[in-house]
Ligand code: SF4
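In this note's numbering, the protein residues as written are 2 to 374.
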């Protein structure tokens, strides 16, 4: 957490105008094209230090993502952010803008808030794309007023080009990981860094990793597995996968594959760009209309990647993922993909050994080809 805070403070000191965004798939390119620096308030690591500030406003049985970002914004938001942004997602986040506004008010602070309402029905249904276009027009107008700049198609095209470059490099890191050319823990660290660092800085880091690892001989002789969850688990658990000879050939982490598998060609028109981006976005429980497609999508990705096992790192109290988990795990098992479910909460960080043991046992089971549970 210290690193994230220090990074954002540095940007602020350098004159950046920061927009704190949540959940994961906001129109970052649009903010960037107006000269703003969007950062995604997700994957804040062990955010327990921020729980006391959050606990007066968000129930203790909410997920760690919501609790950490609430506390982070209450404690540091006024000093760091020029604005916040949120689109409609899960019930836990739904009223967070109002909760944050009240909490900041009570401390004598205020941060302007941008909102975007994504259609609650799939974008290929009648009127959904037009509804999104109207909402985007409203956001563009609000940004013009906020920044004193007019929207520029050229600037949007340049920003969209940067973000597509970043997605492409992240896919490159995932490919390296699937070939055994980079450990899962290192891949997660470099990809998730992108939530909190400026896009050009992230691209430079990704280019360095891809450039230095591409020529190395991969070692994909381990057992092929897929892993997923709303965010990557603590690095100790990814290290345990690496040292147990598990090769992550595909992932479904919301901060990794769900964010970066989408590919949209840059263009000056944000309406068509975002319609295509959200229409073809990997299904995610935080993009409500896409949730129904998740099971089929994930099972076919597991099969196509040759994964023999699937590890679900469940975020404690994420009701969306937990409603889905029994069906997802059963669907994987029906297709012959063995499954392991681990519930992760920040409180478990001092007690990760039990999870490490289960990962090691799962790896042994897959290596033996046994059918034990
Ligand atoms: S989708 Fe789940 S983990 Fe994410 S904010 Fe909502 S409840 Fe929390």
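Built from N, CA and C at the ideal position, the CB exists for glycine as well.
The model shown is predicted, which means the values in this text are computed figures rather than measured ones.
{"query": "In terms of residue numbering, what span does the beta strand (DSSP E) encompassing residue 375 cover?", "result": "Absent from the model: residue 375. The displayed extent of the chain is 2 to 374, so no value can be given."}
{"query": "With respect to the beta strand (DSSP E) encompassing residue 340, which residues constitute its N-terminal and C-terminal limits?", "result": "339-345"}
{"query": "Quick one: give me the first and last residue of the beta strand (DSSP E) that residue 369 is part of.", "result": "Here residue 369 belongs to no beta strand (DSSP E); instead the alpha helix (DSSP H) covers 354-369."}
{"query": "Within its chain, find whatever has a CB closer than 7 Å to the CB of residue 1; leave out the 5 residues flanking it on each side and keep chain order.", "result": "Past the edges of the chain, shown from 2 to 374, lies residue 1, and the structure says nothing about it."}
{"query": "Alpha carbon to alpha carbon, how far is residue 144 from residue 338? Give it in angstroms, no decimals.", "result": "47 Å"}
{"query": "Figure out for me which residue from 357, 344, 361 and 31 has the closest Cα to the Cα of residue 155.", "result": "31"}
{"query": "State yes or no: is the C-beta of residue 238 within less than 8 Å of the C-beta of residue 204?", "result": "no"}
{"query": "I need the straight-line Cα distance from residue 150 to residue 266, nearest angstrom please.", "result": "25 Å"}
{"query": "Using the Cβ count rule (16 or more neighbours within 10 Å means buried), how would you classify residue 111?", "result": "exposed"}
{"query": "Could you give the residue range of the alpha helix (DSSP H) that holds residue 168?", "result": "154-179"}
{"query": "For residue 298, which residues in the same chain have their Cβ closer than 6 Å to its Cβ, ignoring the five residues on either side in sequence?", "result": "284"}
{"query": "Locate the alpha helix (DSSP H) running through residue 253, then write down its first and last residues.", "result": "Looking at the DSSP string, residue 253 is not in any alpha helix (DSSP H); the run it does join, the beta strand (DSSP E), is 247-254."}
{"query": "Under DSSP, the beta strand (DSSP E) around residue 83 begins and ends at which residues?", "result": "82-88"}
{"query": "Under a three-way DSSP split, which group does residue 269 fall into?", "result": "coil"}
{"query": "Does the beta-carbon distance from residue 344 to residue 370 come in below 8 Å?", "result": "no"}
{"query": "Take the Cβ of residue 373 as the centre, count every other Cβ of all protein chains shown within 10 Å, and call the residue buried at 16 or more, exposed below.", "result": "Note that residue 373 has pLDDT 44, beneath the 50 cutoff, so the model's placement of it is unreliable and no number is given."}
{"query": "Once DSSP output is grouped into helix, strand and coil, what is the label at residue 260?", "result": "helix"}
{"query": "Would you call residue 287 buried or exposed, if buried means 16 or more other Cβ atoms sit within 10 Å of its Cβ?", "result": "buried"}
{"query": "If we count the other Cβ atoms within 10 Å of its Cβ and call it buried at 16 or more, is residue 199 buried or exposed?", "result": "buried"}
{"query": "Taking contact to mean at least 3 C-beta pairs separated by less than 8 Å, is the stretch 58-77 in contact with the stretch 305-315?", "result": "no"}
{"query": "Residue 227 and residue 107 look like a contact to me (Cβ under 8 Å); what is the Cβ gap, rounded to whole Å?", "result": "Between residue 107 and residue 227 the Cβ distance is about 44 Å, and since that is not below 8 Å, they are no contact."}
{"query": "Give me whichever residues DSSP pairs with residue 38 in a beta bridge.", "result": "19"}
{"query": "Which complete beta strand (DSSP E) runs does the stretch 101-141 hold, if anything under 3 residues is left out?", "result": "114-117"}
{"query": "Which residues in the same chain as residue 359 place their Cβ atom closer than 7 Å to its Cβ, once the five residues preceding and following it in sequence are excluded?", "result": "341 and 343"}
{"query": "With 16 as the cutoff for other CB atoms within 10 Å, does residue 252 come out buried or exposed?", "result": "buried"}
{"query": "Measuring alpha carbon to alpha carbon, tell me which residue in 72, 137 and 231 is nearest residue 326.", "result": "231"}
{"query": "Out of curiosity, what's the CA-to-CA distance linking residue 330 and residue 367?", "result": "16 Å"}
{"query": "If you measure between the beta carbons of residue 119 and residue 279, is that distance less than 8 Å?", "result": "yes"}
{"query": "Please list the terminal residues of the continuous alpha helix (DSSP H) segment that includes residue 225.", "result": "First-last for residue 225: 224-230, but that is the beta strand (DSSP E), not the alpha helix (DSSP H)."}
{"query": "Give the DSSP-derived three-state secondary structure of residue 313 in the structure shown.", "result": "strand"}
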